[in-house]
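Here's the structure we're looking at; comments come further down.
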Amino acid sequence: MLTVEDINSYYGKAHILHDLSLSVAKGDVLALLGRNGAGKTTTLKSIMQLLPPETGKVQLKEQDITGTPTHRVSKLGLGYVPEERRIFTDLTIEENLEVGRQPERSGVPYWTREILFDLFPNLAERRSNLGKALSGGEQQMLTIARTLMGNPEVLLLDEPSEGIAPVIVEQMVLTIQRIKDEGVTILLSEQNLHFAKLVANRAIIIEGGLKRFDGTMEELNADPDIREAYLSV
Amino acid sequence: MGVLVAELLAGLANAAALFLVASGLSLIFGVTRIVNFAHGSFYMLGAFIGYSAMQVLPGAIGFWAATLVAAVAVGLIGVIVEFLVLRQVYKAPELFQLVATFGVILVIQDLALLVWGPEDLLGPRAPGLKGVVHILGEPVPSYDLALIGITPFVLLVLWYLISRTRVGILVRAATQDREMVGALGVNQAWLFTGVFFLGSLLAGLGGALQLPKGGADLLMDFNILASVFVVVVIGGMGSIPGAFIAAVLISVLNVFGVKFIPQSTLVLMFIVMAVVLLIRPYGLLGREEAPGEHGQVGDPEQPISPLQSTGKLVVAGILVVLALFPIFDSPFLLVLMTDVIIVSLFAVSLHFMLSLGGLVSFGHAAFFGGGAYAAALLVHYVDTPMSLALLMAPLLAGFLALIIGWFCIRLTGVYFAMLTLAFAQLVWSVVFQWGEVTGGDDGIVNIWPAAWASSTTVYYYLTLVIGVGGIILMRHVAHSPFGYSVRASRDSILRAEATGINTKRIQWVTIAFAGAMAGLAGGLFVFSKGSVFPTELEIAKSFDALIMVFLGGVKTLSGPIVGASSLTIVQDFLSRFEYWRLALGLLIILIVILAPEGLVGSARKLGNRIGLGRSEGPGT
Ligand SMILES: Nc1ncnc2c1ncn2[C@@H]1O[C@H](COP(=O)(O)OP(=O)(O)OP(=O)(O)O)[C@@H](O)[C@H]1O
Ligand SMILES: [Mg+2]
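Which chain is which? The protein sequence lines are A and B, in order.
Following this note's numbering, the numbering of the first sequence begins with 1 at its first residue and continues without gaps.
Following this note's numbering, the numbering of the second sequence begins with 234 at its first residue and continues without gaps.
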């Protein structure tokens, strides 16, 4: 579904990602694991072409999207949920969803406002409230819902469990499972191994922009050394 | 009572054009973060195109159709400008964008001259609305009443568009976070173009609608610019209701001003602005500016190091050549070179605060003209000797800069720039309207140098010594401990504060010092020309200085000198042609797009690329 081949990405002169490759098959939930500053966000931004890689290739359904403008990447079926959430604080919840809305595409899970309000009842109650009136957890829900309004085939989730209350984290697990069950392929970055285990079937570990592990969740579970070396457990 | 109501209605009618232009500017700024200085030009084009369309389309329907045609045509022109020019500079520093839009102003001025000729055009009266209506016994033009009805209608339409439609939602979202809107699949480029269309259309509509009241002429673009900025600043950048309230406030105030204190109408609006900003620094309905995405003047430069020996040699060589100029025995050349030196001093003083201090001033002419007027007034009224006047010019200009700076340092970025522009206009309007003292439009004449300096050659040497002295002084200050704290305040306010630097005070002193140096240039200017007119305080003068700094390249101290010299000489050359503004405007736009490092920066880059050793130290 989505493959990344040997990409190298830079912020200015700082070389962040080194020959990184990964691939996500249809229906997979792949967890991109790594410590603070490992390069998880950079990987997602490179895939999204918010930070086009200098070399290497990003392919979505066999189509090379390297260097394509971000808005077109989004239309081709990649949904991006940023780490900082970046909801529009001066817009209402409904308006936030409207910004993300894209037309229905055949063969791709179709999300409407009402379906999403079912999935996130908290948001439904507060649909006319401004974004800035929401709690951290609600903002996280909104940013996911907003991206789903674009009917993505592959969803890039940057640390969805970060900075939200434990109760909401549980809810987030259910949400991600539900999105997966609808048929959306998911690539999520995480520091929280426990959370990743609950939702993902495959995992990749990066450190310093280099790939250190690539395998199924079971394989990772069976390999405590790797976990110890590259994750803060 | 009746009189008051009639005045009020006149004020409301005048608010129409102002609101339309200001709301367009605000809208464009909100989404694209570009302060479109060419917005006044769109207003002017609206008037001209409306005029032509009204010649063709007859009757009442024709009149209103022509108004709409003009609005849409200007909207399309806005799209062309956006597409050809602004798209290239969205990511560039603010200064670059300003210079690009200024190039557009020049191009449009000459194109309008080319198409409609130099004569002022008398606006046709609106068919069916030619008479007056009596309200409480006072005659009120019917057309005024129509305008009073149209403005809230436009406001309503805009409000609907912005708050109720998908496009409006996207516009508001993009105002907050453009990149995220793009990541959600929205093509920003089209959004920007759309906003530019709408904003320009509003300006064009304003221009066409005021035709029956004011006609069309080639000065409309600059004439409305200052009021529009005042309105936008008072209302809050990016707020359309704010623009409406402020336009009404300013226009009503204006008509009452004309009625009761006719000498101070222009000044009044700036006083209101100063008061509003003291209470609400970001305008009535504005929000605090988010930290700039790309800085105001570009990346921090390499640290400017003191001149190395080769550099010193080059400078000495240039000085020797300058000192030898009089042997050519060409008064024309000496006068031109005197101009070049004065203008260089002016440009370097702007560069000092802009590049070193990160303080982008759009109103530097206030200090140049301020110094010039200080010297001229001293000579005119109390027969001050030239040497004393040349001393007082920088002191008084510096004092003026202290006052203006006191207000301006409260703001940052675009707001700072707007405020400096507004204050410069305040100074201009005081000089322009206070005719008994300043001579108003007629200026002050017969301010000649002292007898010993009256020959062109001697005055040239005097200018050379003082001008070069001033520039060296500024270089010296730039490398002094004070200069380093100026730079520290620019690069990181937090870090500078942490090391115990009072950044606001530093900025204040920087403005005062730069102002004084501009004033010195102004003093030299008066005696070289023998007269001074309000043009020395105009927006165009401030823009000239910005363009010089930009042309030379922001990052080097020699940049402004190179920029000032080349612009003065190019202008001198081009002004022999009829359409020199067109040529200059195109040249400026090309440089912004093709050589954004400026002349010195690009030359150095080229030099590096073809392998020339760097004979000069960085920052010479
Ligand atoms: N805008 C930037 N400019 C320069 N360097 C950056 C920038 N953003 C991130 N970096 C650097 O790139 C490296 C990878 O950062 P990245 O944000 O991808 O890490 P991450 O794995 O997402 O970390 P976290 O868990 O903290 O979100 C880090 O060393 C970081 O300092
Ligand atoms: Mg991250």
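Yeah, the Cβ is synthetic: ideal placement off N, Cα and C, and Gly gets one too.
Note that the structure is predicted; figures quoted are calculated from it, not measured.
Between residue i and chain A, is any beta-carbon pair separated by less than 8 Å?
i, result
"Arg399(B)", "yes"
"Glu412(B)", "yes"
"Gly528(B)", "Legend: pLDDT at Gly528(B) = 47, less than 50; position of this residue unreliable, no value from coordinates given."
"Ile402(B)", "yes"
"Leu417(B)", "yes"
"Arg405(B)", "yes"
"Gln421(B)", "yes"
"Gln409(B)", "yes"
"Pro524(B)", "Bear in mind that the predicted position of Pro524(B) carries a pLDDT of just 47, short of 50, making it unreliable; the figure below should be weighed with that in mind. Taking Cβ atoms only, chain A never reaches closer than 8 Å to Pro524(B), which makes this a no."
"Ser484(B)", "no"
"Glu534(B)", "In this predicted model, Glu534(B) has a pLDDT of only 49, less than 50, meaning its place in the structure is not dependable; the value taken from the coordinates is given anyway. Chain A, which has no Cβ nearer than 8 Å to the Cβ of Glu534(B), makes this no."
So, under 8 Å CB-CB, residue i and residue j are touching, yes? Tell me the CB distance rounded to an integer number of Å.
i, j, result
"Pro474(B)", "Leu518(B)", "6 Å"
"Thr147(A)", "Gly100(A)", "6 Å"
"Glu114(A)", "Ile402(B)", "About 18 Å separates the two Cβ atoms, so there is no contact after all."
"Phe462(B)", "Leu654(B)", "6 Å"
"Phe503(B)", "Ser662(B)", "7 Å"
"Val81(A)", "Leu155(A)", "7 Å"
"Ile186(A)", "Leu33(A)", "Incorrect: roughly 14 Å between the Cβ atoms, too far for contact."
"Glu190(A)", "Ser161(A)", "7 Å"
"Gly235(B)", "Gly370(B)", "5 Å"
Around the Cβ of residue i, are there at least 16 other Cβ atoms within 10 angstroms (buried) or fewer (exposed)?
i, result
"Asp562(B)", "exposed"
"Ser106(A)", "exposed"
"Trp349(B)", "buried"
"Thr55(A)", "exposed"
"Met619(B)", "buried"
"Arg399(B)", "exposed"
"Asn36(A)", "exposed"
"Asn735(B)", "exposed"
"Glu769(B)", "buried"
"Arg178(A)", "exposed"
"Glu534(B)", "Below a pLDDT of 50, predicted positions are generally treated as unreliable, and Glu534(B), at 49, falls in that range; the measurement from the model is reported next regardless. Label assigned to Glu534(B): buried."
"Ile87(A)", "buried"
"Ile313(B)", "exposed"
"Lys132(A)", "exposed"
"Asp6(A)", "exposed"
What are the residues that DSSP puts in a beta bridge with residue i?
i, result
"Glu162(A)", "Paired residues: none, contrary to the question."
"Leu220(A)", "Paired residue(s): none; Leu220(A) is not in a bridge."
"Lys57(A)", "Glu5(A)"
"Gly215(A)", "Ala203(A)"
"Ala14(A)", "Tyr11(A)"
"Gly79(A)", "Leu155(A)"
"Pro474(B)", "Answer by DSSP bridge pairing: none, since Pro474(B) is not bridged."
"Pro374(B)", "Val365(B)"
"Ser189(A)", "Leu32(A) and Asp158(A)"
"Thr92(A)", "Leu130(A)"
"Ile677(B)", "Val765(B)"
Using a Cβ-Cβ cut-off of 8 Å, state whether residue i counts as contacting chain B.
i, result
"Arg55(A)", "The sequence given here has Thr at residue 55(A), not Arg. False, the Cβ-Cβ gap to chain B never drops below 8 Å."
"Leu51(A)", "no"
"Thr70(A)", "yes"
"Met1(A)", "no"
"Gly67(A)", "no"
"Leu210(A)", "no"
"Arg146(A)", "yes"
"Leu91(A)", "yes"
"Gly27(A)", "no"
"Met217(A)", "no"
"Gly150(A)", "yes"
"Ser135(A)", "no"
Against chain C, does residue i count as a neighbour if the rule is that its beta carbon must be under 8 Å from one of theirs?
i, result
"Leu32(A)", "Although the question refers to chain C, the structure presented lacks it and instead comprises the protein chains A and B."
Interface positions of the stretch 328 to 362 of chain B facing chain A (Cβ-Cβ less than 8 Å), listed along the chain: none
Cβ-based contacts, 9 Å cut-off: residues of the stretch 172 to 194 of chain A near chain B: none
By the 9 Å beta-carbon criterion, what residues does the stretch 816 to 844 of chain B contribute toward chain A? none
Chain B contacts made by the stretch 76 to 89 of chain A, where a contact means CB separation under 8 Å: Per Cβ criterion, the list reads Tyr80, Pro82, Arg86, Phe88 and Thr89.
Pull out every residue of the stretch 94 to 127 of chain A whose Cβ sits closer than 7 Å to any Cβ of chain B, in chain order. Glu95, Glu98, Val99, Gly100 and Gln102
Residues within the stretch 34 to 48 of chain A neighbouring chain B, beta-carbon criterion of under 9 Å: Met48
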